[in-house]
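Everything on this sheet refers to the single structure shown next.
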Amino acid sequence: MGKSVEIDKLRSEFRCSFQAFAYYCLKIRTKTNGIVPFKLNSVQLDLLDKFYEQMKINGRGRFIVLKARQMGLSTFIGALYYWWTIYHRGTKSLVLTHLDSATKELFEMIKRYHDNTPDEFKPKAQRNSTNELAFVGIDSAFKTATAGSKNVGHGSTIQCLHWSEVSRSNNQADMTAGVMQTVPSGDGSMIFLESTANGTGEYFHQTWEAALRGENEYTPVFYPWTAMEEYRKSAEGIAFSQEELDYQSLYGVDDEQLAWRQAKMREFKGSPEERLALFREQYPITPEEAFRSSENAFISNIAVYEARKANLEPYGAIVCGVDPAAGGKDSTAIVLRQGQKVLKAWRFKHPDLMAIVGRCVDVINDYQVDMMFVDCVGLGLGVYSRLVELGYSDSVMEVKASRRADEPDAYVNKRAEMWDRMAQWFERGADIPDNDIFESDLLSLSAEYDSSRRLKMQSKKDLAHSPDLADALSFTFSLNHVVPKSQQPDEYEGLRRAPTNGGSMLNGNV
Numbered sequence: 001m002g003k004s005v006e007i008d009k010l011r012s013e014f015r016c017s018f019q020a021f022a023y024y025c026l027k028i029r030t031k032t033n034g035i036v037p038f039k040l041n042s043v044q045l046d047l048l049d050k051f052y053e054q055m056k057i058n059g060r061g062r063f064i065v066l067k068a069r070q071m072g073l074s075t076f077i078g079a080l081y082y083w084w085t086i087y088h089r090g091t092k093s094l095v096l097t098h099l100d101s102a103t104k105e106l107f108e109m110i111k112r113y114h115d116n117t118p119d120e121f122k123p124k125a126q127r128n129s130t131n132e133l134a135f136v137g138i139d140s141a142f143k144t145a146t147a148g149s150k151n152v153g154h155g156s157t158i159q160c161l162h163w164s165e166v167s168r169s170n171n172q173a174d175m176t177a178g179v180m181q182t183v184p185s186g187d188g189s190m191i192f193l194e195s196t197a198n199g200t201g202e203y204f205h206q207t208w209e210a211a212l213r214g215e216n217e218y219t220p221v222f223y224p225w226t227a228m229e230e231y232r233k234s235a236e237g238i239a240f241s242q243e244e245l246d247y248q249s250l251y252g253v254d255d256e257q258l259a260w261r262q263a264k265m266r267e268f269k270g271s272p273e274e275r276l277a278l279f280r281e282q283y284p285i286t287p288e289e290a291f292r293s294s295e296n297a298f299i300s301n302i303a304v305y306e307a308r309k310a311n312l313e314p315y316g317a318i319v320c321g322v323d324p325a326a327g328g329k330d331s332t333a334i335v336l337r338q339g340q341k342v343l344k345a346w347r348f349k350h351p352d353l354m355a356i357v358g359r360c361v362d363v364i365n366d367y368q369v370d371m372m373f374v375d376c377v378g379l380g381l382g383v384y385s386r387l388v389e390l391g392y393s394d395s396v397m398e399v400k401a402s403r404r405a406d407e408p409d410a411y412v413n414k415r416a417e418m419w420d421r422m423a424q425w426f427e428r429g430a431d432i433p434d435n436d437i438f439e440s441d442l443l444s445l446s447a448e449y450d451s452s453r454r455l456k457m458q459s460k461k462d463l464a465h466s467p468d469l470a471d472a473l474s475f476t477f478s479l480n481h482v483v484p485k486s487q488q489p490d491e492y493e494g495l496r497r498a499p500t501n502g503g504s505m506l507n508g509n510v
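Put into structure tokens, the structure is as follows:
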């Protein structure tokens, strides 16, 4: 009788606590220690906390997880789904992978979970196929499949879907139109989209960007390599290069983490530059580095990261850029800059012209704006015209990116010129809001040169989203000279005005 009571007590505990169930019931295969109890690492514990929180608030889970390599997230999510499936009657769970070999490996992992769970704490199972376990008596099942198959999941309802290495999977469009649509939106349903990055433009990157902007149902979660407590190595006797010391200073890694990074990079083949690029791709420290590891972002990701952490004093003219949006996926963006500091940035979806005009008027008056630059393409022309009608002609100026540049021999159009001025502004040291969406916008564009060696920015038509905040900031660099009307600090007096790229830089008297 005592044993039965103890089993019932444990069964109740395991039903409520995945962590306890995992440690006492599940076994994993390690590289060095064979089969051992599943003890969650630091990243797995963090994602478990996020899962509990979302289920408590929303009753369902929707996550898109961007990660560095070898963090054990497929192992964790597979275990989480197994636990949920056997303790919730009528649950169908599916794990998609990008390779047949990975599908087989994950199914064997799930089968190992089941085989090692004591009989008292699991339902009986029968193997319906080479990649499915059906749990007798509770009408639940767990299945793995390869995302390359166009017919995966058709004709069935799936409560729990985990798509592993989304960015490296084939037939992404077919998966989203097929199996993704079989997951209901009700309580107890889950979707985990989990992957390392694989460049920009594909489904995972687009979904990640939309999640950052709150445009879909997914919660974006990024795990840099530094999130793994295991990624450390003794630094005793190790000398670090200047590049490594700069990396440490920028990202705040400690000596043991830096020593691990050095050792990991030695495992890669190629030149030092090639090894560095490979490390950034496989072990990113920011989401932008993950997606841009092999891309040519026009603005330096390091300069942007430093700007997010900077705390500079503003001085000079107060300039504002406005990028109005008429609706759809684009948002209206307003960015306020003084010198090397972005004072404020707003991003909102409101296609009503008068509402945008009202916001602009408030910004001009509340912040004593010296000049507001308004994108006059589409809805923006109406915004600009109305501001002029309201008496703000001395404080607003129209911007058209397609216009001739001030230096036509160097730039294809005004847009390229403004973005180049903005890039130089970052290189001199800037201060921007510590915001992922802002950074993503700034790093979304690449550039090239035409046959006349003039700078040309990537077309917005090639982007998954419009870089609204970055464009708004670039408009503040439309003019080289803006005279500040507001009172300046004492140290401003006696300074000689120089080309300021919008009133942001001052040179002392010669």
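full-length UniProt numbering applies: residue 1 is where the sequence shown begins, and numbers increase by one.
We put the beta carbon where it would ideally sit given N, CA and C, even for glycine.
Remember, it's a predicted structure, so these values are computed and weren't measured experimentally.
**Message:** Mapping the DSSP letters down to three states, classify residue 477 as helix, strand or coil.
**Reply:** By 1-based counting over the sequence shown, the position of residue 477 is 477. Residue state, collapsed to three classes: coil.
**Request:** May I have a chain-ordered list of the beta strand (DSSP E) segments no shorter than 3 residues that lie completely inside the segment 416-478?
**Result:** 447-449 and 455-457
**Message:** Distance check for residue 156 and residue 60, CA to CA, integer angstroms please.
**Reply:** The count along the sequence shown starts at 1 and reaches residue 60 at position 60. The count along the sequence shown starts at 1 and reaches residue 156 at position 156. Going by the C-alpha atoms only, they are around 19 Å apart.
**Request:** Name the two residues that bound the continuous alpha helix (DSSP H) containing residue 25.
**Result:** Position 25 of the sequence shown, counting from 1, holds the residue named residue 25. Taken as a continuous stretch (DSSP letters only), the alpha helix (DSSP H) holding residue 25 covers 18-25.
**Prompt:** Can the beta-carbon of residue 345 be found less than 7 Å from the beta-carbon of residue 379?
**Reply:** Here the question's residue 345 lines up with position 345 in the sequence shown. Here the question's residue 379 lines up with position 379 in the sequence shown. Cβ atoms of residue 345 and residue 379: not closer than 7 Å.
**Euclidean distance between Cα positions of residue 46 and residue 475** = Within the sequence shown, the letter at position 46 stands for residue 46. Within the sequence shown, the letter at position 475 stands for residue 475. If I take the Cα positions, the gap works out to 40 Å.
**Asked** In three-state terms, what does DSSP make of residue 375?
**Response** Stepping through the sequence shown from its first residue, residue 375 is reached at position 375. Three-state result, residue 375: strand.
**Message:** Are the CB atoms of residue 122 and residue 86 within a distance shorter than 7 Å?
**Reply:** For the purposes of this step, residue 86 is taken as the residue at position 86 of the sequence shown. For the purposes of this step, residue 122 is taken as the residue at position 122 of the sequence shown. In this structure, residue 122 lies closer than 7 Å to residue 86 by Cβ.
**Message:** For residue 57, report the span of its alpha helix (DSSP H) as first-last.
**Reply:** What you label residue 57 is simply residue 57 of the sequence shown in a count that begins at 1. 42-58 is the extent of the alpha helix (DSSP H) around residue 57.
**Asked** Buried or exposed: where does residue 294 fall if 16 or more other Cβ atoms within 10 Å of its Cβ makes it buried?
**Response** Here residue 294 corresponds to residue number 294 of the sequence shown, with the count starting at 1. Since pLDDT at residue 294 reaches only 42, below the 50 mark, its modelled position is unreliable, and the value read off the structure follows with that caveat. Around the beta carbon of residue 294, fewer than 16 other beta carbons lie within 10 angstroms, which makes this residue exposed.
**Request:** Check residue 127 in the structure and name its three-state DSSP category.
**Result:** For the purposes of this step, residue 127 is identified with residue 127 of the sequence shown, where counting begins at 1. Residue 127: strand per DSSP, three-state reduction.
**Asked** In terms of alpha-carbon separation, which member of 183, 223 and 25 lies closest to residue 114?
**Response** One-based indexing of the sequence shown puts residue 114 at position 114. Considering only alpha carbons, the answer is 25.
**Prompt:** Exposed or buried, residue 164, counting other C-beta atoms within 10 Å across all chains shown (16 or more means buried)?
**Reply:** Residue mapping note: residue 164 aligns to position 164 of the sequence shown, counting from 1. Burial call: buried.
**Prompt:** Nearest-angstrom Cα distance between residue 384 and residue 220?
**Reply:** For the purposes of this step, residue 384 is taken as residue 384 along the sequence shown, with counting starting at 1. For the purposes of this step, residue 220 is taken as residue 220 along the sequence shown, with counting starting at 1. Distance between the alpha carbons of residue 384 and residue 220: 36 Å.
**Prompt:** Relative to the alpha-carbon of residue 484, which residue among 169, 320 and 67 has its alpha-carbon at the smallest distance?
**Reply:** Here residue 484 corresponds to residue number 484 of the sequence shown, with the count starting at 1. Of the candidates 169, 320 and 67, the one whose C-alpha sits nearest the C-alpha of residue 484 is 320.
**Prompt:** In whole angstroms, what separates the C-alpha of residue 386 from that of residue 394?
**Reply:** Taking the first residue of the sequence shown as 1, we reach residue 386 at position 386. Taking the first residue of the sequence shown as 1, we reach residue 394 at position 394. For residue 386 and residue 394, the distance between alpha carbons rounds to 13 Å.
**Item:** Burial state of residue 339, where buried means 16 or more other Cβ atoms lie within 10 Å
**Value:** Numbered from its first residue, the sequence shown carries residue 339 at position 339. Result: buried.
**Simplified DSSP state of residue 205, which is helix, strand or coil** = By one-based count along the sequence shown, residue 205 stands at place 205. DSSP, read as helix, strand or coil, puts residue 205 in helix.
**Prompt:** Buried or exposed: residue 481, going by 16 or more other Cβ atoms within 10 Å of its Cβ?
**Reply:** Indexing the sequence shown from 1 puts residue 481 at position 481. Answer is exposed; the Cβ neighbour count stays below 16.
**Request:** Confirm, please, whether the CB-CB distance from residue 38 to residue 22 is below 7 Å.
**Result:** Within the sequence shown, residue 22 is the residue found at index 22, counting from 1. Within the sequence shown, residue 38 is the residue found at index 38, counting from 1. Their beta carbons are under 7 Å apart, which means residue 22 touches residue 38 by this criterion.
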